[in-house]
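Asks: Quick one: the structure is below, questions incoming.
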Amino acid sequence: MTKICNFCGNKNFREKHVQYIYKYDNQLLVVNNVPCEECEYCGEQYFKTEVLKKIEEDFKTIYLSGKKALKEVTVPIEEFAEI
Ligand SMILES: [Zn+2]
0 MTKICNFCGN KNFREKHVQY IYKYDNQLLV VNNVPCEECE YCGEQYFKTE VLKKIEEDFK
60 TIYLSGKKAL KEVTVPIEEF AEI
């Protein structure tokens, strides 16, 4: 597979599993162990379209169809001007 990092032009990538945070309209879904390729030079992460589609589908199933996620956490949110 030959591809080039959009940010630094490097051609070497390594396969990794990372935590991905999907955000839509102030709603969040955190997915652990998502496969991606990371640029060895600048660290930019690239996800396959089908991987992102799957996460988007799961987001919809949770927020629209009421699927219970594996785990839920409470996230503190602040306005920078007030801290
Ligand atoms: Zn790069």
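For reference, each letter of the sequence shown is one residue, going 0 to 82 in numbering that gives the first Met the number 0. All C-beta atoms in this analysis are idealised placements derived from N, C-alpha and C, irrespective of residue type, glycine included.
Thinking C-beta only, is P34 closer than 8 Å to E49?
Replies: Against a cut-off of 8 Å, the Cβ pair of P34 and E49 comes out as no contact.
Asks: Could you compute how far the alpha carbon of L51 sits from the alpha carbon of C41?
Replies: Taking the straight line from one Cα to the other gives about 21 Å.
Asks: Is the distance from the Cβ of Y21 to the Cβ of E43 below 8 Å?
Replies: In this structure, E43 does not lie closer than 8 Å to Y21 by Cβ.
Asks: Please determine, among V74, C38, G65 and Y62, the residue with the shortest C-alpha to C-alpha distance to G8.
Replies: Minimum Cα distance to G8 is reached at C38.
Asks: In this structure, how does DSSP classify E43 when only helix, strand and coil are distinguished?
Replies: Note: E43 maps to coil in three-state DSSP.
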